[in-house]
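Chains X and S, in that order, give the protein sequences.
468 is the number that our numbering gives to position 348 of the first sequence; each next residue is one higher, with no gaps.
617 is the number that our numbering gives to position 84 of the second sequence; each next residue is one higher, with no gaps.
Beta carbons are placed, not taken as given, at the ideal position from N, Cα and C, and that holds for glycine.
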Amino acid sequence: MAKGDPGGTTRSRRAAPRSRKGAAGDPALVQLLTPEGERIDSATGPDGTEYRVDFTDEEYRGLYRDLVLVRKLDAEATALQRQGELGLWASLLGQEAAQVGSGRALRTQDMAFPTYREHGVLYCRGIDPIMPLGLFRGVDQGGWDPNEFKFNMYTIVIGAQTLHATGYAMGITIDGKTGTDDGEAAIAYFGDGATSQGDVNEAFVWASVFNAPLVFFCQNNQYAISEPLERQTRVPLYQRAAGFGFPGVRVDGNDVLATYAVTRTALDNARLGQGPSLIEAYTYRMGAHTTSDDPTRYRIASEVEAWQAKDPIARVKAFLEKQQIADAGFFAEVDEQARRESVHLRERVLEMPDPEPVTMFDNVYPNGSPLLDEQRAKFSRYMESFEGSAH
Amino acid sequence: MATETLTIGKALNTGLRRALENDSKVVIMGEDVGKLGGVFRITDGLQKDFGDQRVIDTPLAESGIIGTAVGLAIRGYRPVCEIQFDGFVYPAYDQIVSQVAKMHYRSGGRLSIPMVIRIPFGGGIGAVEHHSESPEAYFAHTAGLKVVTCANPQDAYVMIQQAIASDDPIVFLEPKRRYWEKGQVDLDAPLSDAYPLHSARVVRPGTDVTVLAYGPMVRTCLDAATAAAEDGRELEVIDLRSLSPLDLTAAYESVKRTGRAVVVHEAPSNIGLGAELAARITEECFYSLESPVLRVTGFDTPYPAARVEEEYLPDLDRVLDAVDRTFGW
């Protein structure tokens, strides 16, 4: 690892180059697209790995479209919460590149284990964005079949899903599905706060000793609700991997190209049987932790403004314009698609029916339970006793 | 019919072997379950015969055992997790309660976690702290989990296989002080004809007092019944077997005949299984009761030092004392 790690966390108490726009000069930060929209041909990771991407114009435009769409849908969900249509929303604002870059790096056969904020990854998996909104509206538990979508259910207990991902990846190995280009891999999403959890550290140990085909994808968005990174760690998070015996890399999480490149490489290494790795996607949560949070109580506006200058979408737009990969008509068309999809999402959220109360007894056990049968029957009789009354 | 005399421990071992043979998706995982065969040798010889990808020695991390087993279950495996001792299950408590128990519900019934969590439980072996606890109420209180316990070799052999075959997540409590007790086991009877996993069973019929027990206390209560018979009192002993869901059909029928009920468990009394049993028997059998439902349990202390555990644990005399007291009302 680079001695002293000058990039460190830009929030380090030591004299880190805080004034530098972006972190392009940070030798530890893999970056392929600067905040100004300049392409960097290739970047080198801490272990010497060369990262580069070779996208067609169409693919560049596709990434831009993804970024705009997930931001717009996210904003719509925030609005729906403010209007009382969702109980809660955990916005991904600012983390679009980390999610689209890693989400698009997944191959069809790969399995993702999200937290509760991976709406962008969900979108990249081709999943209807309405799917998690039942959870946030309170009409269901947000459930789906993880195997149908290769995308596990949202996990709210911090870090718990990293162990699930590790076990799943162990299963890939037992099934003999590694060692070839079309092998399988899993990816576990978590945040900077989660790195303090025992489960995440246990997952690191397990993945390491079982050589599990797994990518630990940490979105370091600098805050665990109100607590800054300094409360979780004294070392850059990607360096934690070394102690567990697998590679770690820090990528500019606001750079969709670098995030894609780093994730694709890590996944391919995993599927080839080379074991786990840790990616620290260095980014920033531009909004609140959730709609219940008030970030003005714990961070200053100038910090937010500094990160505003590193916006993940603006840099792609600048790049597309400079390289004449897209024109005004394209940008207008993407905006129109985003508007249309968000209106469509809103309409369907408003149509989500409240569940029948008696359904709360369903699906507790695959094989049912006589206790629940009895409680359901009693509850039904109780509810029926109101029928025909003034209520 | 191949009937053999086996200990509870060997019956469990044989049941696990059968499960591994019958379903390639069954994997056993835990600390020291491989070469060592588990600290109680319940997995003895299994890694040798099924390999280290089916019988997996895990890192020393209980949350990791359960959490990775969840992932394996999502992938289609049927993990059988061994927690080495009752008092070591708590690091895994979050994964069990918040993940294992709720996955099926949260998925709207689309995902099952067919996991068995084996835990040797209870005291009586002269162990140091954390090795003698009875945590069943924590798990029985949790919606989405089922909890069972065996009390004899035949049940041990059958119930472990039934639990593994079930799509429900099941906490399987093993009465560690009874691991070495022997009994006849029918190894050939097909699982499909076996007595249902979640049903209680009358293990000694009687007419005067109904005694409800499970796991290690079934033997204690049967001994008490033998002693009581010498005094002319016939105790009906029911082995509950399933602690969640409880099957109280036989208990209600029995109490309506006897008018008296005593619940026996090693776990502390406060908010324990006995409280639930007393409440439900009272509700269902109110007009038949000649006495309140009494509880004979461990005390509401941490599990005490081994040299006083005999006084802490319910024994034959304390059971008989409670039986006597049911006649005092």
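Check your understanding: Is the stretch 333-340 of chain X touching the stretch 175-183 of chain X in the sense that three or more CB pairs, one from each, lie closer than 8 Å?
Key -> Taking 8 Å as the limit for Cβ pairs, the verdict is that the stretch 333-340 of chain X does not touch the stretch 175-183 of chain X.
Check your understanding: On the three-pair Cβ rule with 8 Å, is the stretch 552-559 of chain S touching the stretch 729-742 of chain S?
Key -> no
Review point. Roughly how many whole angstroms lie between the Cα atoms of S:Phe823 and S:Thr791?
Key: Here residue 823 of chain S corresponds to residue number 290 of the second sequence, with the count starting at 1. Here residue 791 of chain S corresponds to residue number 258 of the second sequence, with the count starting at 1. In the sequence on display, residue 823 of chain S carries Glu and not Phe. If you take the alpha carbons of S:Glu823 and S:Thr791, they lie about 8 Å apart.
Exercise for review: Please report the residue range of the beta strand (DSSP E) in which X:Val173 lies.
Suggested key: As a first step, residue 173 of chain X must be located in the first sequence, where it is residue number 53. It is not in any beta strand (DSSP E) - X:Val173 carries neither H nor E in the DSSP assignment.
Practice item. Provide the residue(s) that pair with X:Tyr402 in DSSP beta bridges, ordered along the chain. Key: Within the first sequence, numbered from 1, the residue matching residue 402 of chain X stands at position 282. Bridge partners of X:Tyr402: X:Asn340, X:Asp372.
Point to revise | Contained beta strand (DSSP E) runs [length at least 3] in the stretch 568-614 of chain S, N- to C-terminal order | key: 588-590
**Study point:** Exposure label - S:Lys679; buried when at least 16 CB within 10 Å
**Key:** The sequence position of residue 679 of chain S within the second sequence is 146, counting from 1. S:Lys679 should be labelled buried.
Point to revise | Residue-level contact to chain X via CB, S:Ala602, 8 Å cutoff | key: Here residue 602 of chain S refers to the residue found at position 69 when the second sequence is read from its first residue. By this cut-off, S:Ala602 is an interface position.
Practice item. Using a Cβ cut-off of 8 Å (strictly closer), state whether X:Glu322 contacts chain S. Key: Residue 322 of chain X sits at position 202 when you count from the first residue of the first sequence. Closer than 8 Å to some Cβ of chain S, the Cβ of X:Glu322 qualifies, so yes.
Exercise for review: Would you check if the stretch 402-411 of chain X and the stretch 203-213 of chain X touch, i.e. whether three or more CB-CB distances between them fall below 8 Å?
Suggested key: yes
Practice item. Can you tell me the Cβ-Cβ gap for S:His637 and S:Ser645, rounded? I've got them flagged as a contact below 8 Å. Key: Taking the second sequence and counting its residues from 1, one reaches residue 637 of chain S at position 104. Taking the second sequence and counting its residues from 1, one reaches residue 645 of chain S at position 112. Between S:Ser645 and S:His637 the Cβ distance is about 6 Å, and since that is below 8 Å, they are a contact.
Review point. Is it true that the stretch 278-293 of chain X meets the stretch 667-683 of chain S, where meeting means three or more beta-carbon pairs spaced less than 8 Å apart?
Key: no
Point to revise | Status (buried if at least 16 other CB within 10 Å, exposed otherwise) for X:Ala452 | key: Position 332 of the first sequence, counting from 1, holds the residue named residue 452 of chain X. Per the 10 Å Cβ criterion, exposed.
Review point. At a Cβ threshold of 8 Å, is S:Leu644 touching chain X?
Key: For this step, residue 644 of chain S is matched to residue 111 along the second sequence. Closer than 8 Å to some Cβ of chain X, the Cβ of S:Leu644 qualifies, so yes.
Check your understanding: alpha helix (DSSP H) containing S:Ile693: first to last residue?
Key -> Residue numbering aside, residue 693 of chain S sits at position 160 when the second sequence is read from its first letter. 686-698 is the extent of the alpha helix (DSSP H) around S:Ile693.
Point to revise | For X:Glu238, the nearest candidate out of X:Thr228, X:Val220, X:Ala225 (CA to CA) | key: Residue numbering aside, residue 238 of chain X sits at position 118 when the first sequence is read from its first letter. Answer by Cα proximity: X:Val220.
Practice item. Determine which residues of the stretch 284-295 of chain X have a Cβ less than 9 Å from any Cβ of chain S, and write them out in chain order. Key: His284, Ala285, Thr286, Gly287, Tyr288, Ala289, Met290, Gly291, Ile292, Thr293, Ile294, Asp295
Point to revise | Closest by C-alpha distance to S:Tyr728, when choosing among S:Gln586, S:Arg639, S:Met692, S:Gln628 | key: Within the second sequence, residue 728 of chain S is the residue found at index 195, counting from 1. Among S:Gln586, S:Arg639, S:Met692, S:Gln628, the Cα nearest to that of S:Tyr728 belongs to S:Met692.
Check your understanding: Does any C-beta atom of chain X lie closer than 8 Å to the C-beta of S:Arg608?
Key -> For this step, residue 608 of chain S is matched to residue 75 along the second sequence. Output row for S:Arg608: interface = yes.
Check your understanding: X:Asp248 to S:Asp780, Cα distance in whole Å?
Key -> Position 128 of the first sequence holds residue 248 of chain X. Position 247 of the second sequence holds residue 780 of chain S. Approximately 43 Å, taken between the alpha carbons.
Review point. What three-state label does DSSP hand X:Tyr309 in the structure shown?
Key: In the first sequence, counting from the first residue as 1, residue 309 of chain X sits at position 189. For X:Tyr309, the three-state secondary structure derived from DSSP is strand.
Practice item. Hey, could you find the ends of the alpha helix (DSSP H) X:Pro490 is sitting in? Key: What you label residue 490 of chain X is simply residue 370 of the first sequence in a count that begins at 1. Element bounds for X:Pro490: 490-504.
Exercise for review: Give me the Cβ distance between S:Leu755 and S:Val795, rounded to the nearest whole Å; I'm assuming they're in contact under 8 Å.
Suggested key: In the second sequence, the residue the question calls residue 755 of chain S occupies position 222. In the second sequence, the residue the question calls residue 795 of chain S occupies position 262. Not quite, the Cβ-Cβ distance comes to about 13 Å (not below 8 Å), so this is no contact.
Review point. If we count the other Cβ atoms within 10 Å of its Cβ and call it buried at 16 or more, is X:Gly444 buried or exposed?
Key: Here residue 444 of chain X corresponds to residue number 324 of the first sequence, with the count starting at 1. The identity of residue 444 of chain X in the sequence shown is Gln, whereas the question assumes Gly. That one is exposed.
Review point. Nearest-angstrom Cα distance between S:Gly492 and S:His798?
Key: Outside the displayed span of chain S (534 to 862) sits residue 492 of chain S, for which this structure offers no information.
Practice item. Identify the contact partners of X:Leu491 in chain S, using a Cβ-Cβ distance below 9 Å as the criterion. Key: Mapped onto the first sequence, residue 491 of chain X falls at position 371. Per Cβ cutoff of 9 Å: Ser777, Pro778, Leu779.
**Study point:** Residues, ordered as in the chain, of the stretch 622-637 of chain S that lie near chain X by beta-carbon distance below 7 Å
**Key:** Correct list: Asp627, Gln628, Ser631, Gln632, His637.
Review point. Measuring CA to CA, which of X:Phe256, X:Arg245, X:Thr293, X:Val355 is closest to X:Pro205?
Key: Counting from 1 along the first sequence, the entry for residue 205 of chain X is found at position 85. Before going on, a small fix: residue 205 of chain X reads as Glu here, not Pro. Of the candidates X:Phe256, X:Arg245, X:Thr293, X:Val355, the one whose C-alpha sits nearest the C-alpha of X:Glu205 is X:Phe256.
Check your understanding: So with Cβ pairs under 8 Å, would you call X:Pro266 a contact of chain S?
Key -> Start at 1 with the first residue of the first sequence, and residue 266 of chain X comes out as number 146. Cβ-Cβ to chain S under 8 Å: yes for X:Pro266.
Exercise for review: Work out the CA separation of S:Thr830 and S:Thr682 for me, nearest whole Å.
Suggested key: What you label residue 682 of chain S is simply residue 149 of the second sequence in a count that begins at 1. What you label residue 830 of chain S is simply residue 297 of the second sequence in a count that begins at 1. The alpha-carbon of S:Thr682 is positioned some 17 Å away from that of S:Thr830.
Exercise for review: Using the Cα positions of X:Leu440 and X:Glu156, report the straight-line distance between them to the nearest angstrom.
Suggested key: Against the first sequence, residue 440 of chain X aligns to sequence position 320. Against the first sequence, residue 156 of chain X aligns to sequence position 36. For X:Leu440 and X:Glu156, the distance between alpha carbons rounds to 11 Å.
Check your understanding: At which residues does the alpha helix (DSSP H) containing X:Gln444 begin and terminate?
Key -> One-based indexing of the first sequence puts residue 444 of chain X at position 324. That residue, X:Gln444, is in no alpha helix (DSSP H); it is neither H nor E in DSSP.
Exercise for review: Under 7 Å between beta-carbons, which chain S residues line up against X:Met273? List them in chain order, please.
Suggested key: If you number the first sequence from 1, residue 273 of chain X lands on position 153. Ordered by position in chain S, the residues that pass the 7 Å Cβ test against X:Met273 are Arg639, Ser640.
Review point. X:Val329 versus chain S: which residues are under 7 Å apart at the beta carbon?
Key: As a first step, residue 329 of chain X is located in the first sequence; it is residue number 209 there, counting from the start. Listed along chain S, the residues sitting closer than 7 Å to X:Val329 by beta-carbon distance are Pro592.
Check your understanding: Which residues, in order along the stretch 643-666 of chain S, keep a beta-carbon less than 7 Å from a beta-carbon of chain X?
Key -> Arg643, Leu644, Ser645
Exercise for review: Leaving out five residues on either side along the sequence, give the residues of the same chain with a beta carbon under 6 Å from the beta carbon of S:Ser777.
Suggested key: Translated into positions along the second sequence, residue 777 of chain S becomes position 244. So the list reads Ala673, Lys679, Val680, once near-sequence residues are dropped.
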